[in-house]
Each structure stands twice: as structure tokens, then as C-alpha cells.
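In terms of the UniProt record's numbering, the sequence shown opens at residue 1 and continues consecutively. In what follows, a structure is listed as C-alpha cells, so that the remarks can point back to it.
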Amino acid sequence: MDLAPFHVDNTDNIFYVPDFVTRREEELLLRKITESPLPKWKHLANRRLQIWGGDMTANRLLIPQPMPSFIDEYPNLISRIRDTGAFDSSPHGAPNHVILNEYLAGQGIMPHEDGPAYYPTVATLSLGSHTLFHYYRYKPDIDPENTDGCETGRAIDTQPILSVLLEPRSLIITQSSLYDSHLHGIDSITEDFFAAAIPPVSGETAYVPPVSNAYLLTGAAERDAVMRGGVLQRGTRYSLTFRDVARVANGARLLRS
Ligand SMILES: O=C(O)CCC(=O)C(=O)O
Ligand SMILES: [Fe+2]
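This is how it looks when you write it as C-alpha cells:
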């Protein structure tokens, strides 16, 4: 698959592929996900998630487990993502780990980095609802003499450097510097306002970031809202985040030890 037509302008390595899966495939995946037995879910304060492909030890070693059959078999998401070429240079040439996130309308994820356990590429499939996804940068160190700027304490610029609208069924691929030296997050809100539709706030104007992938959108409602100014109501969204964990435990050795 040639990713070039899906390159997001003014980024070094972000690709947005609308309609990566069909509506039928989306329905099948949503059915499989929502039929999952409750114990498979891990409950966090502001969303729940499932981890497929195995758990990771504290020292970033993947203890592999088989993927659910609907990931490995039809609709063959792993091989379809491998065919994009995004993982050609990764340790295993394909993703071996998936985190499935569920966000109800109004739920999001704080700006964060995915960390060094993974090869610096993530491919994210969105299902069920759109969302608005932001990339942030760290504030430049103002005082180079200041030595208490430990990794976790670094200040984040609250204004995103890039925002993309993720339509249901789309795949977004994030690589290089936006993966390994920036943060990403999703606001915990129920609706997204675009340009002309900003509700008047007395005395102040809400900041609405430009949507960098506007010209790649295919959904009529999404294109309309983003291009002309409008509002999109969020529904329940599932994100499947595909990554390649570099270090994988050798099963035979684990059994022996
Ligand atoms: O839901 C998303 O698109 C992002 C999820 C995410 O950043 C993560 O799982 O690390
Ligand atoms: Fe993340």
C-alpha cells in the first residue's frame, strides 16, 4: 500500500488513512469487542481498556499471548497494517501488541508519551465515533541552569502543535519525532466545535485548533463540520492501537526457568 497520498501536510511522519476498514468490518469488530467477557477489561479512572498480544514486565519484556482470533484472522488487521509498510523497519516487521481503549462521550486521555518499550510507530484504528486528537510539545527549558527539570516534571505547552480529526474506520499512523519527543491526548468533552461554530463565550474566545487532516476526511458530516464550521457530537469510540514491542520473551526459555 502506498501511504504517500495519506501523508498529513506539515508533519514529518503522520499518515491518515480514512475508511481503512469497511462498515461491515467495523460492525463485526464492534460486536466482538462489546461481547468480550467483563474480566477482559481493565478499568481506569476515565476509560477502560484491553491489552492483546501479552503483558509487559516492568523491564519492558513482552510475555507473548495469542491475539484474539478476530485480529489475526478476518478482517486480518495485523497483516493489513503490515502491508501499509509502516512497520517495515520495526524489530518484527509488524505489530505484536494492541491496546484497545473504550471512551464514552466525555471521556479522554491526558497528554502522555507511549514510552520506549515500543518501536516508535503506532497505528491507531478508530471505531464507533470520531474524536479530535492533539499532539503537544514540551515547553523549551527556560532556564538551562535549572537542574530539577526531571523527565516527568517537564512543562507541557497547553496549545497543541497539531490536531487531527479521527473518523470512525480510519487508521492514523504516528512515527518519528511526534512519537518519541512529543505527547498526545484527547480532551474529555462530549462535542467538538470547529471554527465558525464556536459558541460565543462572554469576554473570551475559545481556541479552536485547525484540523490538519481536513482535506483527507471522507465523512460528509465530518467534512462539513470541519470545512464550514460546525459541531460534532461524540459517541462511544474504540481505539485499537497497534505497536511493536522490541523485546519478546522466548517461550521455551520461560518454561524451562
Ligand atoms: O485512543 C487513542 O486514539 C489514543 C490512545 C493512546 O494514546 C494510548 O493508548 O496510548
Ligand atoms: Fe498513547
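Glycine included, C-beta positions come from ideal geometry on N, C-alpha and C.
Could you give the residue range of the alpha helix (DSSP H) that holds residue i?
i, result
"residue 82", "77-82"
"residue 48", "It is not in any alpha helix (DSSP H) - residue 48 instead sits in the beta strand (DSSP E) that spans 48-52."
"residue 28", "23-34"
"residue 69", "69-72"
Identify the continuous beta strand (DSSP E) that holds residue i and give its terminal residues.
i, result
"residue 15", "14-17"
"residue 64", "62-64"
Any heavy atom of ligand 1 closer than 7 Å to the CB of residue i?
i, result
"residue 101", "yes"
"residue 186", "yes"
"residue 15", "no"
"residue 109", "yes"
"residue 114", "yes"
"residue 124", "yes"
"residue 241", "yes"
"residue 133", "yes"
Report yes if the CB atom of residue i is closer than 8 Å to the CB atom of residue j, and no otherwise.
i, j, result
"residue 158", "residue 234", "no"
"residue 53", "residue 96", "yes"
"residue 170", "residue 16", "yes"
"residue 237", "residue 103", "yes"
"residue 218", "residue 172", "no"
"residue 98", "residue 56", "no"
"residue 176", "residue 10", "no"
"residue 163", "residue 210", "yes"
"residue 228", "residue 61", "no"
"residue 136", "residue 182", "yes"
"residue 70", "residue 29", "yes"
"residue 21", "residue 213", "no"
"residue 179", "residue 84", "no"
"residue 80", "residue 93", "no"
"residue 156", "residue 139", "yes"
"residue 107", "residue 47", "yes"
"residue 192", "residue 231", "yes"
"residue 77", "residue 33", "no"
"residue 105", "residue 190", "yes"
"residue 222", "residue 165", "yes"
Exercise for the section: Could you pull out every unbroken beta strand (DSSP E) segment of at least 3 residues lying fully inside the UniProt domain "Fe2OG dioxygenase" (94-246), listed in chain order? Expected result: Taken in chain order, the complete beta strand (DSSP E) segments of 3 or more residues contained in the UniProt domain "Fe2OG dioxygenase" (94-246) are 97-103, 109-112, 121-127, 131-136, 162-166, 171-175, 183-186, 191-193, 231-233, 237-243.
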